[in-house]
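Novice:
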Amino acid sequence: MGAVSRFRDPQIEMAHGAGGKASRRLVEGLFAPLLSAHSSGPLGDAAHLNIDGGSLAITTDSFVVKPLMFPGGSIGELAVNGTMNDLAVSGAKGEAMVATFILEEGLPTSVLEREVRAMAAALHKAGVALVGGDTKVVERGKADGMYITTTGIGRPLPQVKIDTRSVRPRDKIILSGPIGDHGITILLARGDLDLEADLRSDTRCVLSLIEAMVAEAGPGIRWMRDPTRGGVATSLNELARDCGLGMVLLEEEIPMRDEVRGACELLGLDPLHIANEGQFLAVVAPEYVDAALNALNRAEGGDDALVIGEVRAEPACAVLVTTRYGGSRIVDMLVGDPLPRIC
Amino acid sequence: MRYVDEFRDPELITKAAEEIHRLANTGKHYRIMEVCGGHTHAIYRFGLKDVLPSNIELIHGPGCPVCVLPMGRIDDGLAVAKQADVIFAAFGDMMRVPGTHGSPFEHKARGTDVRIVYSPADALQLARKNPQRHVMFFAIGFETTAPSTALTLMRAKAEGVGNFSVFCNHVTIIPAMRAILDSPDMRLDAFIGPGHVSTVIGCRPYEWIASTEGMPIVTSGFEPLDLLQSIVMILRQLRAGEARVENQYKRVVPWEGNRAALKAMAEVFQLRPYFEWRGLGFISQSALRVRDEYSQWDAERRFPIPNTRVTDPKAAQCGEVLKGVLKPAQCKLFGKECAPEHPIGALMVSSEGSCAAYYNYEHRKTAAAMLTSIASVA
Numbered sequence: 623m624g625a626v627s628r629f630r631d632p633q634i635e636m637a638h639g640a641g642g643k644a645s646r647r648l649v650e651g652l653f654a655p656l657l658s659a660h661s662s663g664p665l666g667d668a669a670h671l672n673i674d675g676g677s678l679a680i681t682t683d684s685f686v687v688k689p690l691m692f693p694g695g696s697i698g699e700l701a702v703n704g705t706m707n708d709l710a711v712s713g714a715k716g717e718a719m720v721a722t723f724i725l726e727e728g729l730p731t732s733v734l735e736r737e738v739r740a741m742a743a744a745l746h747k748a749g750v751a752l753v754g755g756d757t758k759v760v761e762r763g764k765a766d767g768m769y770i771t772t773t774g775i776g777r778p779l780p781q782v783k784i785d786t787r788s789v790r791p792r793d794k795i796i797l798s799g800p801i802g803d804h805g806i807t808i809l810l811a812r813g814d815l816d817l818e819a820d821l822r823s824d825t826r827c828v829l830s831l832i833e834a835m836v837a838e839a840g841p842g843i844r845w846m847r848d849p850t851r852g853g854v855a856t857s858l859n860e861l862a863r864d865c866g867l868g869m870v871l872l873e874e875e876i877p878m879r880d881e882v883r884g885a886c887e888l889l890g891l892d893p894l895h896i897a898n899e900g901q902f903l904a905v906v907a908p909e910y911v912d913a914a915l916n917a918l919n920r921a922e923g924g925d926d927a928l929v930i931g932e933v934r935a936e937p938a939c940a941v942l943v944t945t946r947y948g949g950s951r952i953v954d955m956l957v958g959d960p961l962p963r964i965c
Numbered sequence: 037m038r039y040v041d042e043f044r045d046p047e048l049i050t051k052a053a054e055e056i057h058r059l060a061n062t063g064k065h066y067r068i069m070e071v072c073g074g075h076t077h078a079i080y081r082f083g084l085k086d087v088l089p090s091n092i093e094l095i096h097g098p099g100c101p102v103c104v105l106p107m108g109r110i111d112d113g114l115a116v117a118k119q120a121d122v123i124f125a126a127f128g129d130m131m132r133v134p135g136t137h138g139s140p141f142e143h144k145a146r147g148t149d150v151r152i153v154y155s156p157a158d159a160l161q162l163a164r165k166n167p168q169r170h171v172m173f174f175a176i177g178f179e180t181t182a183p184s185t186a187l188t189l190m191r192a193k194a195e196g197v198g199n200f201s202v203f204c205n206h207v208t209i210i211p212a213m214r215a216i217l218d219s220p221d222m223r224l225d226a227f228i229g230p231g232h233v234s235t236v237i238g239c240r241p242y243e244w245i246a247s248t249e250g251m252p253i254v255t256s257g258f259e260p261l262d263l264l265q266s267i268v269m270i271l272r273q274l275r276a277g278e279a280r281v282e283n284q285y286k287r288v289v290p291w292e293g294n295r296a297a298l299k300a301m302a303e304v305f306q307l308r309p310y311f312e313w314r315g316l317g318f319i320s321q322s323a324l325r326v327r328d329e330y331s332q333w334d335a336e337r338r339f340p341i342p343n344t345r346v347t348d349p350k351a352a353q354c355g356e357v358l359k360g361v362l363k364p365a366q367c368k369l370f371g372k373e374c375a376p377e378h379p380i381g382a383l384m385v386s387s388e389g390s391c392a393a394y395y396n397y398e399h400r401k402t403a404a405a406m407l408t409s410i411a412s413v414a
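These protein sequence lines map, in sequence, to chains H and S. Counting from 623, one number per residue, gives the positions in the first sequence under my numbering. Counting from 37, one number per residue, gives the positions in the second sequence under my numbering.
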């Protein structure tokens, strides 16, 4: 019995890697039915498995960011933090990692060493061991310097259970800090625009923040996600579709730096679609929201965390942004790819 | 952020909205067309319909340059890029606009060298950096973008950059507004005049709308307060029985326009005898071509052009939507066969297209969601 693909796009385009609608079409239409037909339920950031009575979490991520280095970080650091964050928002603490390097012929050793050192520092900070890896080299011109794939294995945090089906109307939506720093930093670092801003990527491991929140409000945490490619809007749209409810945000509460806002205004981008590498979203039951926020605000790097909105029954399966003056708009998932290869 | 925050101030916006409710409380129905796609986008983006009384109907006009471009022009541009092996450079807005055999992005995935640029000057820079390749800038836009294309061509000529050309699709706004007013199925009370176009052409070219057509027109900025203030100005004129050109966007739009920009356009471009507009058909003297003095940089003279003519799919009602006769959701294909991820017409692609704006920001709002939006959430 052959599995059936529902993916009808005739060829792969950049948008299929942008984390938005096209990516979802590819994953749900081709990869999931052909490769994991027996798994059910919504696709999360990491899989939680039971093996011989013990449970573990596993996730994998590839990094193809261009340029390799940017203000606030580089591909090596991103490759560790990104995978650790995927584990963290699934409710797991990273324990070990394996890495695959695809290197381009001609890559200066100094660049490679710099990135390996960046990985080592990030691993050390996250308290994670690298336990294996693989290296391949491709001809000059076939890769932009280097690509890194990392796979992380983690231990589920016992006090928290992430499940989109547990999300209820009146639950609060928490955001850990200002949005858009990473995407706009990368855009500016490419130097295609004559724009300058004092902006750095927000890349960081969010595990310590999540641990702090889980310790105080674990039973009230229904869902978490790190809004990377496709931004906050795409993550919340995925949640809205998976749980059948509406995510209602208050525009004026969504934190972002003036530099991000200015660049988005100028370029016609929606900050809610811009990638982040050091933030997360959490949906928390109303009776736990104060505890969760207090824990985050007390933790290092969590002082900007705040409630940006609420889960409602309507608009079902959609994200609605409202303003104080009474105007509102639906914000959809990212369509197309305004900023390819940001992580 | 200056020039933004003060125009999004909830208190001021609420006051302006209240003034509109007061002025519009006449029992009449007002049909106001915003000509410019940027305004259409802003109206949906800021949810302004939510704060307007129900007897004010905003009609979306033809001022989205990507949307009015016939598919044949995109096909022609991509055909040149493929056959002559040139770099096809265009604004990001163009990239997902469908041609007969796919959008520029789909052509890129098949091997055509397609690049996004943020200005024609970037395209010229691309040519300087790639002296062994030819760079063709696929130019679109009203008078807003035409001056920058003109200045770029002047620079290319001055520097003698030989591997650069422009595939010119620039159009002019006044003939399109005339065509709208000439259309028998259109009844309007007033115009919200284009903001960016007016920074170049000024406010004088609209005077005939007030004097001959007897309709108020107010050039407007793009922030929520700008648009509401413009509607206030329009309602005041209508209630006083006046028809004048007014300028709400004074901080940017000079009454006389931008002489330097107009001069550059006149130096490089001349009017085409006629040009095809999607939805509006052929309109005489409504578009620009590159003058003979710059023919070396004119892609249409440099390369063989197939002159493709494509009839729009019958079921798609882009033309009616472009003219404001139909609302986006009234098109039979809206949200079904035609959606942002698989668009049939450019109106569903461009950020300034009314179908995309309506689809993205509005159409899944329900009555219950609207109640939600009025209450504070955080």
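Every residue gets a Cβ at the ideal spot worked out from N, C-alpha and C, and that includes glycine.
Between which two residues does the beta strand (DSSP E) harbouring E312 of chain S extend?
Specialist: From DSSP, the beta strand (DSSP E) with E312 of chain S extends over Y310 to W313.
Novice: Which residues in chain H sit within 7 Å of E42 of chain S, going by Cβ to Cβ distance?
Specialist: Those within 7 Å of E42 of chain S in chain H number zero; the least Cβ separation is about 13 Å.
Novice: So Y80 of chain S contacts chain H; which residues on that side make the cut at Cβ distance below 7 Å?
Specialist: Those within 7 Å of Y80 of chain S in chain H are R951.
Novice: Does DSSP put E243 of chain S in a helix, a strand or coil?
Specialist: It is helical.
Novice: I need the straight-line Cα distance from I228 of chain S to E243 of chain S, nearest angstrom please.
Specialist: Their Cα atoms are separated by approximately 13 Å.
Novice: Counting only the same chain and skipping the five closest in sequence on each side, list residues whose C-beta sits under 6 Å from that of A669 of chain H.
Specialist: Closer than 6 Å at Cβ, skipping near neighbours: I680.
Novice: Give me, in chain order, the residues of the same chain whose beta-carbon lies closer than 7 Å to that of A411 of chain S; leave out the 5 immediate sequence neighbours on both sides.
Specialist: Confidence in A411 of chain S is poor, its pLDDT being 48 and thus under 50, which makes the residue's placement unreliable; the coordinate value appears in the next sentence. Once the five neighbours on either side are set aside, A411 of chain S has no close Cβ partner at all.
Novice: Considering H77 of chain S, what are the terminal residues of the alpha helix (DSSP H) in which it resides?
Specialist: Counting along the chain, the alpha helix (DSSP H) containing H77 of chain S begins and ends at G73 to R81.
Novice: Is it true that the region 81–99 of chain S meets the region 322–339 of chain S, where meeting means three or more beta-carbon pairs spaced less than 8 Å apart?
Specialist: In short, these stretches do not touch, since the Cβ pair count stays below three.
Novice: Look at the Cβ atom of V236 of chain S, then the Cβ atom of E282 of chain S, and state whether they are nearer than 8 Å.
Specialist: Result no, Cβ atoms of V236 of chain S and E282 of chain S do not sit closer than 8 Å.
Novice: Can you pull the chain S residues whose beta carbon is under 9 Å from the beta carbon of A644 of chain H, in chain order?
Specialist: By Cβ distance, chain S contributes E377.
Novice: Give the straight-line distance between the Cα atoms of V753 of chain H and V150 of chain S, rounded to the nearest whole angstrom.
Specialist: One C-alpha to the other measures close to 42 Å.
Novice: Looking only at its own chain, which residues have a Cβ that is under 8 Å from the Cβ of D793 of chain H, when we skip the five neighbours before and after it?
Specialist: Closer than 8 Å at the Cβ level, and outside the excluded window around D793 of chain H, lie R844, V905, V906, A907, P908, E932 and V933.
Novice: With distances taken Cα to Cα, identify the nearest neighbour of Q332 of chain S among S:I209, S:G360, S:M172 and S:R308.
Specialist: Ranking the options by Cα distance to Q332 of chain S, first place goes to S:M172.
Novice: Quick one: using the 10 Å Cβ neighbour count with 16 as the cut-off for buried, is V413 of chain S buried or exposed?
Specialist: Residue placement at V413 of chain S is poorly supported in this model, since its pLDDT is 45, which falls under 50; the coordinates still yield a value, given next. Flag for V413 of chain S reads buried.
Novice: With a CB to CB cut of under 6 Å and the five nearest residues on each side skipped, what residues in its chain are close to A157 of chain S?
Specialist: Counting only Cβ-Cβ distances below 6 Å, and skipping sequence neighbours, we find T188.
Novice: Closer than 8 Å, Cβ to Cβ, to anything on chain S: give me those residues from the region 860–892 of chain H, in chain order.
Specialist: Here the close residues are G868, V870, L871, L872, E874, E875, D880, R883, G884, E887, L889 and G890.
Novice: Against R847 of chain H, what residues of chain S qualify as contacts under a CB-to-CB distance less than 9 Å, listed in chain order?
Specialist: Within chain S, no residue comes near R847 of chain H; the closest Cβ sits about 19 Å away, beyond 9 Å.
Novice: Assign Y397 of chain S to one of two classes, buried (16 or more other C-beta atoms within 10 Å of its C-beta) or exposed (fewer than that).
Specialist: Buried, by the Cβ-count rule.
Novice: Inspect the beta-carbon positions of G840 of chain H and Q781 of chain H and report whether they are closer than 8 Å.
Specialist: Yes.
Novice: Compare the C-beta of S390 of chain S against all C-beta atoms of chain H and say whether one is closer than 8 Å.
Specialist: Not one chain H Cβ lies under 8 Å of S390 of chain S.
Novice: Since A834 of chain H contacts L709 of chain H with CB under 8 Å, what's their CB separation in whole angstroms?
Specialist: Not a contact, Cβ separation roughly 16 Å.
Novice: For a contact meaning CB atoms closer than 9 Å, what does T50 of chain S contact in chain H?
Specialist: The contacting residues are R946, Y947 and G948.
Novice: Please decide whether F141 of chain S counts as near chain H, where near means a Cβ-Cβ distance under 8 Å.
Specialist: Judged by the 8 Å Cβ criterion, F141 of chain S is in contact with chain H.
Novice: Taking the beta carbon of P136 of chain S as the centre, do at least 16 other beta carbons fall within 10 Å, making it buried, or is it exposed?
Specialist: Pro is not the amino acid found at residue 136 of chain S; the sequence shown has Thr there. Its Cβ having fewer than 16 others within 10 Å, T136 of chain S is exposed.
Novice: Report the CB separation of G713 of chain H from I634 of chain H in whole angstroms; it is logged as a contact under 8 Å.
Specialist: Not confirmed; about 32 Å, so no contact.
Novice: Taking the Cβ atom as the reference point for each residue, do P241 of chain S and I267 of chain S lie within a distance shorter than 8 Å?
Specialist: No, the Cβ-Cβ distance between P241 of chain S and I267 of chain S is not below 8 Å.
Novice: List, in order along the chain, the chain S residues whose C-beta lies closer than 7 Å to that of V957 of chain H?
Specialist: The answer, in chain order, is P376 and E377.
Novice: Give the DSSP bridge partners of W845 of chain H, in chain order.
Specialist: Paired residues: H:V905.
Novice: With 16 other CB atoms within 10 Å as the buried threshold, where does F339 of chain S fall?
Specialist: Classification of F339 of chain S: buried, given that the 10 Å Cβ count is 16 or more.
Novice: I'd like to know whether the C-beta of M37 of chain S is nearer than 8 Å to at least one C-beta of chain H.
Specialist: So, interface residue.
Novice: Find the residues of chain S that neighbour L858 of chain H, judging by a C-beta separation of less than 8 Å, and give them in chain order.
Specialist: Under the 8 Å cutoff, chain S gives no residues; its nearest Cβ is about 13 Å from L858 of chain H.
Novice: State the DSSP-derived secondary structure class of S331 of chain S, mapped to helix, strand or coil.
Specialist: Note: S331 of chain S maps to helix in three-state DSSP.
Novice: So, is the C-beta of P800 of chain H closer than 8 Å to a C-beta in chain S?
Specialist: Closer than 8 Å: no.
Novice: Mark L888 of chain H as exposed unless 16 or more other C-beta atoms lie within 10 angstroms of its C-beta, in which case mark it buried.
Specialist: That one is exposed.
Novice: With DSSP collapsed to three states, give me the class of L324 of chain S.
Specialist: Here L324 of chain S sits in strand by DSSP.
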